[in-house]
Amino acid sequence: MNDLRLRLGQNLGLLLAIGLFLLFWLVYNGLHPKGFSTAVLIQNANESFVIGAVAMAQTVPVLAGGLDLSVGAVMTLVNCLASVLVNGSGWQMVLGILVCLAAGTLAGWVNGAVVVYGRIQPIIATLATGAVYIGIALFIRPTPGGEVDGDLSWALTNDVYEFCATYGLFDDGEAAWLAPFAWIPMPMAIMLLVIFLIWIPFRNSVTGRGVYAIGSSEGAAYMSGVRIDRCKIAAFTLAGFFAGLGGLYLALQTSSGNADVPQAGAYTLNSIAAVVIGGTSLMGGSGGAICSLIGAMVIRAISFNFRIFDIAPLLQPLFEGIVLLGAVSIGAARVFRVKNRLELLG
Amino acid sequence: MATGSLPKPASGWSLSPEDKPILIAGAFILVILATGTAYTLATQGTASFLSPVYLLQQLQVGAFLGIVAAGAMLVILLGHIDLSIPWTLTAGAMLGSAIGGPYAIPVGLAVGMVVGLMNGLGVAYLRVPSMIFTLGVNAVMRGFMVMLTGGYAPQSTATPLMSYLATGNVLGIPMPLIVWAVLSVLVVLLLQRTAIGRYIYAIGNRERAAYLSGINTRMVIILAFVVSGACSALAGVLLAGYSSKAYQGMGDPYLLPAIAAVVIGGTNILGGRGRYLGTVVGTILIVLLTSVLSVMQMPEAGRQIIYGLVIILMLLVYGRQRGVIA
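Sequence order for the protein chains is A and B. Residue numbers for the first sequence follow our numbering, so the first one is -8 and each next one is one higher. Residue numbers for the second sequence follow our numbering, so the first one is 75 and each next one is one higher.
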């Protein structure tokens, strides 16, 4: 019982985020004429995937006590790359997807190398590398355009049934054992795969634990023999991979690439907001990618409601800002319970 | 030679760690100018980059960035960051020109100070990380401005005084440059000749120690954010005068260059160290780099890449920071 209370107390931020998400999402579905249908679920999942991936990307460096201001840029870079490469015959597309993911990962690795070997503060190093990545994206796609294979785009932005039907898998998706899973939107399925095959193994690995340890106390982690350099580079590399995944999906979703600088900036800022709303400490050491994914879903669920309540588009930025400020201020309420102000000062 | 004594430079002065970035950045400015001049000599046969008219024009454009960077530097010295610059700038410009008349500039500045006060309260009292709180305030200000203007460029135009401050000149010296110079003197006086300046550096180094020394750290933090907001709004008011009206997103191109200017000038992004002269040099470097690249007809893509590489390169040259900070 005490253990449960302790765990609940430690994850208060995450619980708040889950509560907020359920509130906004249930209200949306309740009032939507086709609420709680697969079509709405697929649409919601599609719209949440990219920001979710970018928020997960932001989380990993934040856990290590850094910040990655280039996640939006990496996403944009891979988005543009995908609009060139993900096309043609089956193997060409597979190769294109792999190159895209590798490019994102490489961009993340470069971030990590600049931070670790250049010993430049992450926030300023990624600000600079972000400009470089945007530049490369603009070289690849000076104007919005490009094309992504239509079948692949259709298959990956629908549910599992359509995916199987498109590629003739499991009796075109009619197999009896598949029926219970057929409704799952592909973006959700991909996200679950990423979480179970990449994020959770990483978190439980020595390197992943090292990332958390560095965020808690870099000095203590160093003294305990944590490989600081390796963990930091791994954190940024994984961030690059997640951001690249987001960019790849954005290309599938929009069937094009767009080196949009304001959009990249907006994704970076929203990723930080999602991390905070999900309950990950910006100081590092606590939280996780799943928390940030939920944070991102909160942000998206809020904007879904704009459609339902027919809020004038002009008011939407104001609402988003107030929700962000409100969420962090609620999280900050604990400062009024602290008696000794020294506890608050770093 | 006596053993154990530190080697002393032959001349009477030594290069402090804070001066090194300023000298390197200064040298890099000369490299930029030389490159640009070589380019224009080769293509047009003129050395237009070295003409006083061109340099003054660049300083006039740079003054807007310099004013923003001055405020951003105070906040960065504290170990915080102000991400609300873009829409504080825009709000100052929009509301200032909307009010019009003699109160345009005071109202614009007051808007900036109120935004700064909000930031300061959130950071100093709620202890929300400044990065996230100022980000939220930026979003709220954007929301207010979009709501007020309907998402279009406001119809009101800048007052004559705003236009004069942005485009006029005295004895051939552009007015924005004079405004920037006056502001710079005030900031230097604040940082080097007042107790508050000392407190800012002290808090940036270790807020806990500053608090235990009896400094009212909350007030200093709030003050720095208020000054930063006022600087952003001042830049907004001038910029509205320069382009004769305020417009949506006018502040967006100023946030990252301002932070880059401060950092290139040798100010530690974690706070506590840095000289104001460095910020001025950093601003000039960025403005000249942008200008030379656009004269060389470098496409946007190349400009972004060079821009990023220059920041990384400068910081690498400044010397790597210490490894593990316990």
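All residues carry an ideal CB built from backbone N, CA and C; glycine is no exception.
Cβ-Cβ separation, residue j to residue i (assumed contact under 8 Å), whole Å
i                      : j                      : result
residue 336 of chain A : residue 282 of chain B : 4 Å
residue 0 of chain A   : residue 274 of chain A : Between residue 274 of chain A and residue 0 of chain A the Cβ distance is about 18 Å, and since that is not below 8 Å, they are no contact.
residue 128 of chain A : residue 68 of chain A  : 4 Å
residue 230 of chain A : residue 49 of chain A  : 7 Å
residue 75 of chain A  : residue 88 of chain A  : With 8 Å as the limit, residue 75 of chain A and residue 88 of chain A do not qualify as a contact, their Cβ atoms being about 12 Å apart.
residue 102 of chain B : residue 359 of chain B : 6 Å
residue 237 of chain B : residue 318 of chain B : 6 Å
residue 315 of chain B : residue 239 of chain B : 6 Å
residue 125 of chain A : residue 252 of chain A : 6 Å
residue 217 of chain B : residue 309 of chain A : 3 Å
residue 316 of chain A : residue 211 of chain B : 7 Å
residue 33 of chain A  : residue 287 of chain A : Not confirmed; about 17 Å, so no contact.
residue 98 of chain B  : residue 391 of chain B : 6 Å
residue 232 of chain A : residue 96 of chain A  : 4 Å
residue 47 of chain A  : residue 284 of chain A : 6 Å
residue 339 of chain B : residue 96 of chain B  : 7 Å
residue 124 of chain B : residue 111 of chain B : 6 Å
Burial state of residue i (16 or more Cβ within 10 Å)
i                      : result
residue 291 of chain B : buried
residue 312 of chain B : buried
residue 233 of chain B : buried
residue 162 of chain A : exposed
residue 397 of chain B : With a pLDDT of 43 at residue 397 of chain B, under the threshold of 50, the modelled position of this residue cannot be trusted; read the value that follows with caution. Residue 397 of chain B comes out exposed.
residue 217 of chain A : buried
residue 165 of chain A : exposed
residue -5 of chain A  : exposed
residue 82 of chain B  : With a pLDDT of only 46 at residue 82 of chain B, under 50, the local geometry of the prediction cannot be trusted, and the value read off the model is given with reservation. Residue 82 of chain B comes out exposed.
residue 45 of chain A  : buried
residue 399 of chain B : Here residue 399 of chain B scores only 47 on pLDDT, less than 50, and its place in the model should not be relied on; the value that follows carries that caveat. Classification for residue 399 of chain B: exposed.
residue 293 of chain B : exposed
residue 134 of chain B : buried
residue 311 of chain A : buried
residue 386 of chain B : buried
residue 226 of chain B : exposed
residue 406 of chain B : Nothing can be reported for residue 406 of chain B, as the shown portion of chain B is limited to 75 through 400.
residue 215 of chain B : buried
residue -2 of chain A  : exposed
residue 140 of chain A : buried
residue 205 of chain B : buried
residue 175 of chain B : exposed
residue 126 of chain B : exposed
residue 328 of chain B : buried
residue 77 of chain B  : Reliability fails at residue 77 of chain B, whose pLDDT of 43 lies under 50, so the model's placement of it is uncertain and the value that follows must be treated cautiously. The residue in question, residue 77 of chain B, is exposed, as its Cβ has fewer than 16 Cβ neighbours within 10 Å.
residue 274 of chain B : buried
residue 268 of chain B : exposed
residue 168 of chain A : exposed
residue 54 of chain B  : With chain B represented from 75 up to 400, any question about residue 54 of chain B goes unanswered, as that position is not in the structure.
residue 146 of chain A : buried
residue 334 of chain A : exposed
task = State whether the segment 97 to 110 of chain A contacts the segment 220 to 228 of chain A, with contact taken as three or more CB pairs (one from each stretch) at a distance under 8 Å.
result = yes
Sufficient close CB pairs (3 or more, under 8 Å) joining the segment 145 to 156 of chain B to the segment 301 to 310 of chain B = yes
ask   = Quick one: complete alpha helix (DSSP H) runs, 4+ long, within the segment 21 to 73 of chain A?
value = 29 to 54
ask   = With contact counted as at least three CB pairs below 8 Å, one residue from each stretch, are the segment 246 to 264 of chain B and the segment 137 to 155 of chain B in contact?
value = yes
ask   = Quick one: complete alpha helix (DSSP H) runs, 4+ long, within the segment 96 to 178 of chain A?
value = 113 to 131, 141 to 147, 151 to 158, 161 to 164
inquiry  = Below 8 Å, how does it come out for the segment 337 to 347 of chain B and the segment 316 to 324 of chain B: are there three or more Cβ pairs, yes or no?
reply    = no
query = Along the segment 212 to 230 of chain B, what residues have a CB closer than 7 Å to any CB found in chain A?
reply = 213, 214, 216, 217, 218, 220, 221, 224, 225
Members of the segment 108 to 130 of chain A that neighbour chain B once the beta carbon cut-off is set at 9 Å = 108, 109, 110, 111, 112, 114, 115, 116, 118, 119, 120, 121, 122, 123, 124, 125, 126, 127, 128, 129, 130
Contacting positions in the segment 88 to 109 of chain B - beta carbon closer than 9 Å to chain A = none
query = Are three or more beta carbon pairs between the segment 244 to 251 of chain A and the segment 129 to 136 of chain A nearer than 8 Å?
reply = yes
Residues within the segment -3 to 20 of chain A neighbouring chain B, beta-carbon criterion of under 7 Å = none
ask   = Listed from N- to C-terminal order along the chain, which residues in the segment 192 to 211 of chain B have their beta-carbon within a distance smaller than 8 Å of any beta-carbon of chain A?
value = 196, 199, 200, 201, 202, 203, 205, 206, 207, 209, 210, 211
task = Output the residue ranges of the alpha helix (DSSP H) runs that lie fully inside the segment 241 to 328 of chain B and measure 4 residues or longer, sorted by chain position.
result = 249 to 267, 269 to 279, 281 to 286, 291 to 316
task = Flag this pair as touching only if the segment 198 to 213 of chain A and the segment 266 to 282 of chain A have three or more C-beta atom pairs under 8 Å; answer yes or no.
result = yes
key: Segment contact flag, the segment 293 to 300 of chain A with the segment 14 to 32 of chain A, C-beta cutoff 8 Å, min 3 pairs   = yes
ask   = Residues in the segment 370 to 382 of chain B with C-beta within 9 Å of chain A's C-beta atoms, listed in sequence order?
value = 373, 374, 375, 376, 377, 378, 379, 380, 381, 382
query = For the segment 330 to 353 of chain B, which residues have a CB atom closer than 9 Å to at least one CB atom of chain A, in sequence order?
reply = 330, 333, 334, 337, 342, 343, 344
message = Give the list of continuous alpha helix (DSSP H) stretches no shorter than 4 residues that lie fully inside the segment 87 to 158 of chain B.
response = 93 to 117, 126 to 151
request  = Spell out a yes or no on whether the segment 261 to 269 of chain A and the segment -3 to 15 of chain A are touching, meaning 3 or more CB-CB pairs, one atom from each, closer than 8 Å.
outcome  = yes
query = Taking any Cβ of chain B, which residues in the segment 246 to 264 of chain A have a Cβ under 9 Å from it, in chain order?
reply = 250, 252, 253, 256, 260, 263, 264
query = Which residues, in chain order, does the segment 279 to 290 of chain B contribute to contact with chain A at a C-beta distance below 7 Å?
reply = 281, 282, 285
request  = Taking only beta carbons into account, state which residues of the segment 301 to 312 of chain A come closer than 9 Å to chain B, listed in chain order.
outcome  = 303, 304, 305, 306, 307, 308, 309, 310, 311, 312
ask   = According to a CB-to-CB cut-off of less than 7 Å, which residues of the segment 169 to 181 of chain A neighbour chain B?
value = none
ask   = Using Cβ-Cβ distances below 8 Å, what residues of the segment 297 to 310 of chain B are close to chain A?
value = none
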